[in-house]
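Position one of the sequence shown corresponds to residue 287 (this note's numbering), numbered consecutively onward. All C-beta atoms in this analysis are idealised placements derived from N, C-alpha and C, irrespective of residue type, glycine included. Just so you know, these numbers come straight off a predicted model, no measurement behind them.
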Amino acid sequence: MRALLLFLSLAGAAPTQEQPAKIDFDRQVRPILSDNCYHCHGPDGKQRKADLRLDTKEGAFGKLGDVFPFVPGKPGESEAIRRITSKDHDEMMPPPKSNRKLTPLQIATLKRWVEEGAPWKGHWAFTAPERPVLPKIRNARNPVDAFILARLEQEGLAPSPGADKVTLLRRVSLDLTGLPPTPAEVDAFLADAAPDAYEKQVDRLLNSPRYGEHLAWPWLSAARYSDTNGYQGDGTRTMWPWRDWVIDAFNRNMPFDQFTLEQLAGDLLPNPTVPQRVATGFNRNHMLNGEGGRIAEESRVDYVADRVETTGTVWLGLTIGCARCHDHKYDPFTQKEFYQLFAFYNNLPESGGVDKRSSANPVMELPTADQAEKIAAQKQKLAEVEARSKDHEQKLRAEQPKWEEEAAKTADKLPKNIAEILKTAETQRDEKKARELTDYYLGLDAGRKKLIDEQDKAKKAVKAAEDAVTLVMVMEERPKPRETFLLVRGAYDKFGDKVTANVPASLPPLPKDAPPNRLALARWIVDPANPLTARVTVNRFWQQFFGAGIVRTIEDFGTQGQRPTHPELLDWLATEFIRTGWDVKALVKLLVTSATYRQTSKVTPGLLEKDPENRLLARAPRYRLSSAAIRDQALSAAGLLVEKVGGPGVKTYQPAGIWEEMTFNIIRFQQDKGEALWRRSLYVFWRRTVGPANLFDSMPRQVCTVRASRTNTPLHALTLLNDVTYVEAARALGQRMMKEGGGTPKERITLAFRLAAARTPTDRELEILARRYDALLERYSKDKEAALKLLKAGESKRDESLDPVQHAACAAIASVILNLDEVITKE
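Shown next as structure tokens:
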């Protein structure tokens, strides 16, 4: 019962004995109205019934005919109260046909709210955050803890003890780099008794190149990054330079406001640099339809709409896309306002088609120094041969009259058409005949033929050099702005009223002198007066380290989204983020050095009963690692991971036939070789129609996605046990066990355990694994072929000097360890 009451409190449900005496409109009343009333009496004017609007104060308290929906202090005179309590099917609200029905608790909440004077308050997310006063809590390690502990005290709960040092180092290593700590790093941390030993580890991890790679992963999902275009054709594109820009920006700790400006409008900054133009690839990461049957303008309009929706999700936490076809049903955004935002992105010189190498204009070439030198050299060769060809042709033309004299004497030996032209006086020949004769004459010269062949070869060499250059899609403005119209029902060819670029009226306005372009929009987004951006951003970082956001509906801060579990903490973090100059590393360090983060994740029966979803954070969250982190961890433990930053996507192991089946056998998978097979998951080639087979639970890249997804199916376990990547990792880890772990089975098992789980196994764990090792050794001794078959997995080289029977037994133990729940989980 206690857990139910806590959930109702956090969700803003009807009052209970444990809730404050006064009803909170934004927390308790608005959700009832939004869920049950806004569909017919909300922002969408075209669908509004009876001219009644309940999402605004004016509508809720304004006179409607002879009645008032709500009369403060007088529920008996409030028409809305009368309707929700009516038993008459013709009068009751919501109407029976709507399939909505208020519960007795919800009705009681609305009545009580009216009795208390019906105080009205704007939706929390649309009000600029004010920096709250820190709760006065003893022993709060940092401001995060002050807010968390204050709420725990309010609920009669206490925080959990701190996690042990090994667990904590593994947790923060995985959270900041996506990789586990090495045994040497664990030992160094255990040996450091200084009060700031943990903070030093955090600083080390923040300065690792792996940090930027790890933080880039969820940003790629938000940006719908892929190495292909999508749709049936799914042509390969080159957008990895943008991905590498993101990694570099996180590693350099680029302030988040600048990070935003460069991605939304880097090309419009004064004298934009090449990296700033590359950054604008964020809004070119959408799908591209290059199919023959598509309507190009329809596709172009879809791309622009996608940019609006993605901007709304990533920076504003709003479901702006709901207003593409009609006014928003729940939030104060009109269809006109959607197309005003649309106008900011409607000025690209794009056709809706695919223009060059599976890319769509505008594009930018990014030659390396060697490539630029090679292109220049090939162009020079082409220019030289063209000059020689021109000189040679001029000499030939000068000698044409002499040739004509001689040729006329033997016209019977010439083609009939040429002989006829020669018989005609030069002054009588038309342009066509003159050209025909000259072409024939020039074609007789062997030297000219050779020069033409050289010229063709030189042109092909130039084209080949240019085609080797990386081509990335970027943002760019048309010289003349494209007119923008409201599109009726969102149809690309149904024009409504003409609109100009602007922002929604329910949010702060653009500065009066701001030009109507993307740079103005980007600056408006990161303006401290914008109530959403800082909140949305710190909330997403909170999700990354605590498993779920303070607002759990990461993508929806509107009236249909969940309220923050800790609103004061959210606002403090948002204002602190702005105060520190949008310093991402400072924010991350603040979160991971908090006592809240450093708690044990072990749950007691009492905590499980009182707070089963851990919304109050009386313990650290415990959840399975992402499939990308599980793969990278296995490669790291095995000693296979190639720590190379950036570059084109790599094609690693995957089951045969997946691409072929998805593309009707048109696109065939060609696996890479060598170090490409062991690069981080971040660099694995991502086909949009079918993502990497072993990266389960990854967010889809067709559209912007920001909320983490976690499922659990038998296929996941089968992947971790049988996929070539994991069998090879187990085999390579088994090799490390034999070469680095010592001479006894227990010493070898201990090394594998430390490499995968960071800690040393208990005596009981060692005993179980050692018995299993003995059984495996006996099995493979009797079946050496099975041992050799296991050791052939993957393309990394095996040390053939190792005994295959022992190696197979170690590999099988390594597989067990890599699949332990503890190993694939963030504890």
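Note down the Cα distance separating residue 978 from residue 560, rounded to an integer number of angstroms. Here residue 978 refers to the residue found at position 692 when the sequence shown is read from its first residue. Here residue 560 refers to the residue found at position 274 when the sequence shown is read from its first residue. The straight-line gap from Cα to Cα measures roughly 31 Å.
I need the boundaries of the alpha helix (DSSP H) containing residue 824, first residue and last residue. Start at 1 with the first residue of the sequence shown, and residue 824 comes out as number 538. Residue 824 -> alpha helix (DSSP H) spans 819-832.
Residue 841 versus 450, 992, 580 and 1011, residue with shortest Cα-Cα distance: Along the sequence shown, one-based indexing puts residue 841 at 555. Each of 450, 992, 580 and 1011 was checked against the Cα of residue 841, and the nearest Cα belongs to 992.
Determine the DSSP secondary structure at residue 1103, reduced to helix, strand or coil. The residue you call residue 1103 lines up with position 817 of the sequence shown. Reduced to three states, the DSSP call for residue 1103 is helix.
Quick one: residues in its chain with C-beta nearer than 6 Å to the C-beta of residue 982, no 5 flanking neighbours on either side, listed in chain order? Taking the sequence shown and counting its residues from 1, the one referred to as residue 982 is at position 696. Cβ within range, chain order: 913 and 1002.
Start-to-end residues for the alpha helix (DSSP H) that takes in residue 451: Within the sequence shown, numbered from 1, the residue matching residue 451 stands at position 165. Element bounds for residue 451: 451-463.
Compute the distance between the beta-carbons of residue 258 and residue 564, then report whether it is under 7 Å. Nothing about residue 258 can be read from this structure; the chain reaches only from 287 to 1113.
Answer with yes or no whether the minimum CB distance from residue 978 to chain C is below 7 Å. Of the protein chains in this structure there is only one, and it is not chain C.
I'd like the span of the alpha helix (DSSP H) that includes residue 671, first residue to last. As a first step, residue 671 must be located in the sequence shown, where it is residue number 385. Run containing residue 671: 655-684, per the alpha helix (DSSP H) assignment.
I think residue 857 touches residue 416, with their Cβ atoms under 8 Å apart; what is that distance to the nearest whole Å? As a first step, residue 857 must be located in the sequence shown, where it is residue number 571. As a first step, residue 416 must be located in the sequence shown, where it is residue number 130. Contact holds; Cβ gap of about 7 Å.
Just to confirm the assignment, what range does the beta strand (DSSP E) spanning residue 784 have? What you label residue 784 is simply residue 498 of the sequence shown in a count that begins at 1. That run of the beta strand (DSSP E) goes 781-785.
Identify, in the order they occur along the chain, each residue of the same chain with its Cβ nearer than 7 Å to the Cβ of residue 918, setting aside the five sequence neighbours on each side. Taking the sequence shown and counting its residues from 1, the one referred to as residue 918 is at position 632. Excluding positions up to five away in sequence, the list reads 464, 465, 927, 966 and 967.
Please identify the residue among 844, 835 and 847 whose C-alpha is closest to the C-alpha of residue 859. As a working note, residue 859 is residue 573 in the sequence shown. Closest by alpha carbon: 835.
Put residue 960 into one of helix, strand or coil per three-state DSSP. Indexing the sequence shown from 1 puts residue 960 at position 674. Helix.
Apart from the five residues just before and just after residue 1066, which ones in its own chain have a Cβ nearer than 7 Å to its Cβ? Within the sequence shown, numbered from 1, the residue matching residue 1066 stands at position 780. Contacts found: 1072, 1073, 1091, 1094 and 1095.
Can you tell me which residues form a DSSP beta bridge with residue 583? For this step, residue 583 is matched to residue 297 along the sequence shown. DSSP lists no partner for residue 583.
8 Å Cβ shell around residue 944 - same chain, five flanking residues per side excluded: Here residue 944 refers to the residue found at position 658 of the sequence shown. So the qualifying residues of the chain are 955, 976 and 979.
Residue 288 versus residue 328: straight-line alpha-carbon distance, rounded: Numbered from 1 along the sequence shown, position 2 holds the residue referred to as residue 288. Numbered from 1 along the sequence shown, position 42 holds the residue referred to as residue 328. Note that residue 288 has pLDDT 48, beneath the 50 cutoff, so the model's placement of it is unreliable and no number is given.
Candidates 1037, 620, 1008 and 880: closest to residue 454 by CA position: Sequence index remark: in the sequence shown, residue 454 carries index 168 (1-based). Checking every option, the nearest Cα to that of residue 454 belongs to 880.
Segment limits, beta strand (DSSP E) that includes residue 772: Numbered from 1 along the sequence shown, position 486 holds the residue referred to as residue 772. From DSSP, the beta strand (DSSP E) with residue 772 extends over 770-773.
Quick one: any contact between the stretch 605-623 and the stretch 704-723, if contact means 3 or more CB pairs under 8 Å? Segments in contact, no.
Taking all protein chains shown into account, decide if residue 1060 is buried (16 or more other Cβ within 10 angstroms of its Cβ) or exposed. In the sequence shown, counting from the first residue as 1, residue 1060 sits at position 774. By the 10 Å Cβ count, residue 1060 comes out exposed.
Looking at the unbroken beta strand (DSSP E) that takes in residue 650, where does it start and where does it end? Counted from its first residue, the sequence shown places residue 650 at position 364. Here the beta strand (DSSP E) through residue 650 covers 649-652.
Assign residue 683 to one of two classes, buried (16 or more other C-beta atoms within 10 Å of its C-beta) or exposed (fewer than that). Sequence index remark: in the sequence shown, residue 683 carries index 397 (1-based). Residue 683 comes out exposed.
Residue 541 versus 951, 1047, 1054 and 870, residue with shortest Cα-Cα distance: Walking along the sequence shown from the start, residue 541 turns up at place 255. Minimum Cα distance to residue 541 is reached at 870.
Segments of 4+ residues assigned as alpha helix (DSSP H) that fall wholly inside the stretch 365-431: 365-371 and 390-401
Taking 7 Å as the cut-off, decide whether the C-beta atoms of residue 985 and residue 507 are in contact. For the purposes of this step, residue 985 is identified with residue 699 of the sequence shown, where counting begins at 1. For the purposes of this step, residue 507 is identified with residue 221 of the sequence shown, where counting begins at 1. In this structure, residue 507 lies closer than 7 Å to residue 985 by Cβ.
I'd like the list of long-range same chain contacts for residue 664, defined as Cβ closer than 6 Å, with 5 residues on each side in sequence excluded. If you number the sequence shown from 1, residue 664 lands on position 378. Result list for residue 664: 747, 748 and 751, in chain order.
Could you tell me which residues DSSP puts in a beta bridge with residue 909? Working through the sequence shown from its first residue, we reach residue 909 at position 623. Note: residue 909 sits in a beta bridge opposite 1112.
Taking residue 581 as the reference, give the member of 397, 1009, 638 and 594 with the closest Cα. Taking the first residue of the sequence shown as 1, we reach residue 581 at position 295. The residue from 397, 1009, 638 and 594 with its alpha-carbon nearest to that of residue 581 is 638.
Sequence-distant residues of the same chain with beta carbon closer than 8 Å to residue 321, five excluded per side: Residue mapping note: residue 321 aligns to position 35 of the sequence shown, counting from 1. Cβ-Cβ distances below 8 Å link residue 321 to 386 and 846 in the same chain, with the five nearest sequence neighbours on each side left out; the list follows chain order.
Boundaries of the beta strand (DSSP E) in which residue 758 is found, first to last residue: The residue labelled residue 758 in the question sits at position 472 within the sequence shown. From DSSP, the beta strand (DSSP E) with residue 758 extends over 756-759.
I think residue 818 touches residue 509, with their Cβ atoms under 8 Å apart; what is that distance to the nearest whole Å? As a working mapping, residue 818 is identified with position 532 in the sequence shown. As a working mapping, residue 509 is identified with position 223 in the sequence shown. The pair is not a contact, with the Cβ atoms about 18 Å apart (cut-off 8 Å).
What residues match up with residue 936 in a beta bridge as DSSP calls it? What you label residue 936 is simply residue 650 of the sequence shown in a count that begins at 1. Note: residue 936 sits in a beta bridge opposite 970.
Counting C-beta neighbours from all protein chains within 10 Å, is the total for residue 790 16 or more, i.e. buried, or is it exposed? Along the sequence shown, one-based indexing puts residue 790 at 504. With 16 or more Cβ atoms within 10 Å of its Cβ, residue 790 is classed as buried.
Helix, strand or coil, according to DSSP, for residue 289 in the structure here? As a working mapping, residue 289 is identified with position 3 in the sequence shown. The predicted model places residue 289 with a pLDDT of 46, which falls under 50 and marks its position as unreliable; any figure quoted below should be read in that light. In this structure, residue 289 counts as helix in the three-state DSSP scheme.
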